[in-house]
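Under my numbering, the first residue of the sequence shown carries the number 1440, and numbering increases by one thereafter. Beta carbons are placed, not taken as given, at the ideal position from N, Cα and C, and that holds for glycine.
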Amino acid sequence: MRRYHVTTFGCQMNAHDSERIKGMLEELGLGEATDAEAADVLVFNTCTIREKPDTKFAAYLGQAIARKRERPGTVIAVGGCYAEAQRERLFDLYPEVDVAFGPGSIPHLGEWLGAGGFGVARGSFGLDDRAFAGELPMHRERPFQAWVQISMGCNSKCSYCIVPAVRGREISRRPGEVVAEVTRLAADGVREVTLLGQNVNSWGRDLLPDIRTEFGELLRACDAIDGVERIRFTSPHPKDFRAPVIAAMAECDAVCEHAHLPLQSGSTRILKAMRRTYTRERYLRLVDELRAAVPDLALTTDLIVGFPGETEADFRDTLAAVEEVGYDAAFTFVYSPRAGTDAASMEDQIADDVKRDRIERLVEVVQRVAQRCNEARVGRVEEVLVEGPSRTDPALFRGRTRRNTTVNFTGTAEPGELVEVRIEAATSTTLRGAQAVAAAA
Ligand code: SAH
Ligand code: SF4
Ligand code: F3S
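Here is the structure:
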């Protein structure tokens, strides 16, 4: 049997796309190789959000090309956002690549690999004939949790971001299709679903005039499906986080008490240059509204330092916003110019040493604030979805709270179970605890 190996870079959307890629390869009769060494078909599902994933991919591809020289039958397929961004020159840059496909072309991968024969098919790829991979076979990585794609593409114009160029304009999946997929997953034993889109809160707008709906309604429809214990979603854009979605979060039992709300910068001036279309004040108001509606809400965010023109005062606004909101966790990024985006050609690019200094200071504040949030959980009993053994200590179990914090704990749990865990200790990123024994009746 021929074997494949998929290496995934980038976000949850890409990780989910890889599940479809694997499902498709298995449909073609390939089996998964334990590692890249043992594979005949090497697939890279790439990311190009910052320079770092580009560089990392180049190193992986270098190894794959060396392997192909030793074993000429090896097929190299490159998919994802970097492939789309480099579509004009990918085959010139890397003649060893056999197949390339963009994020919207996964349904074509099978034809391009050549059914059965694996002849070299250099499929064209692009944004014109994008299709949801929702109907493809899927190789799910996690038995009790699942990603569900609700939209593809993005209509925002954030000046730093490459995503609209590589994933195209937003197309929403029809509500019936989403609900049918979640229903199938629940019947399969999935207890937690994460709805995925570049901007989940603008979902549904492009379905007009056929269908009049919005994201809050989709949350309610998913909440009504039997067997789904937890619903998550990522990412909402603060500009589109409207009252109906807040109400649905507050009223749906399965929707978790967590919002990942990308702030990017705490400076209104920089937010404007980023074209985020909200101000610091409006964002903070949204945080207040969310917290008033959803008690004990966890908030996480994405932050960028070193955007062109960012002054020390702008940067301090970001530090202050982290303190003021009190984020449970934050992904922090150094601004990385992306070819073709507006910000890449702005004047006042920030020097690398200034960026480095700012990211270090930001990480320190983020960690201190997160540590404080996690310490506040000590002594509480939290509902945990058991995922498996702890990554660092196999004697412990690992799971996640509804607020999306990882907990390592002692107990007698089975993966997929929901258990009560008493929290005993906290770091800035994880909790430690012991499974609570139900009091005797
Ligand atoms: N659509 C999602 C995810 C976008 S990519 C959203 O809008 O929330 C994930 C994060 O990467 C972004 O939120 C942003 O913080 C960061 N990012 C995007 N482009 C970047 C760039 N050019 N340099 C540094 N960070 C970037
Ligand atoms: Fe990029 Fe902005 Fe769209 Fe997110 S909302 S994918 S940051 S353009
Ligand atoms: Fe995701 Fe990277 Fe593409 S973050 S959308 S895989 S550019």
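Assign residue i to one of three DSSP states: helix, strand, or coil.
i: HIS1444; result: strand
i: ALA1875; result: coil
i: ASP1679; result: helix
i: TRP1642; result: coil
i: ILE1381; result: There is no way to answer for residue 1381, as the model of the chain reaches only from 1440 to 1880.
i: MET1452; result: helix
i: VAL1761; result: helix
i: SER1611; result: strand
i: ARG1837; result: strand
i: PHE1772; result: strand
i: ARG1755; result: helix
i: GLY1556; result: Because the pLDDT at GLY1556 is just 36, under 50, the model does not fix this residue reliably, and the point stays unresolved.
i: MET1785; result: coil
i: GLU1523; result: helix
Return yes when at least one heavy atom of the ligand SF4 lies under 8 Å from the C-beta of residue i, else no.
i: HIS1676; result: yes
i: VAL1602; result: yes
i: GLN1588; result: no
i: GLN1525; result: no
Between which two residues does the alpha helix (DSSP H) containing residue i stretch?
i: LEU1725; result: 1719-1732
i: PRO1603; result: 1602-1606
i: ALA1619; result: 1614-1626
i: GLU1803; result: 1791-1814
i: ALA1498; result: 1490-1509
Assuming contact is defined by CB atoms lying nearer than 9 Å, are residue i and residue j in contact in what I supplied?
i: THR1473; j: TYR1521; result: no
i: SER1784; j: PHE1754; result: no
i: LEU1548; j: ALA1516; result: yes
i: ARG1681; j: GLY1655; result: yes
i: ASP1756; j: SER1704; result: yes
i: ALA1809; j: ALA1778; result: no
i: PHE1483; j: GLY1518; result: yes
i: PRO1734; j: ASP1787; result: no
Is the beta carbon of residue i within less than 8 Å of some heavy atom of the ligand SAH?
i: ALA1782; result: yes
i: SER1595; result: yes
i: SER1867; result: no
i: PHE1680; result: no
i: ILE1743; result: yes
Indicate, with yes or no, if the ligand F3S has a heavy atom lying under 8 Å from the CB of residue i.
i: ARG1459; result: no
i: ILE1488; result: yes
i: ARG1606; result: yes
i: PHE1770; result: no
Which residue comes first and which comes last in the beta strand (DSSP E) that contains residue i?
i: ARG1708; result: First-last for ARG1708: 1707-1713, but that is the alpha helix (DSSP H), not the beta strand (DSSP E).
i: ASP1422; result: The requested residue 1422 does not occur in the structure, where the chain is confined to residues 1440 to 1880.
i: ARG1861; result: 1857-1865
i: LEU1585; result: The displayed chain sequence assigns Ala, not Leu, to residue 1585. Counting along the chain, the beta strand (DSSP E) containing ALA1585 begins and ends at 1584-1588.
i: LEU1702; result: Note, LEU1702: premise wrong, no beta strand (DSSP E); not H, not E.
i: LEU1481; result: 1480-1485
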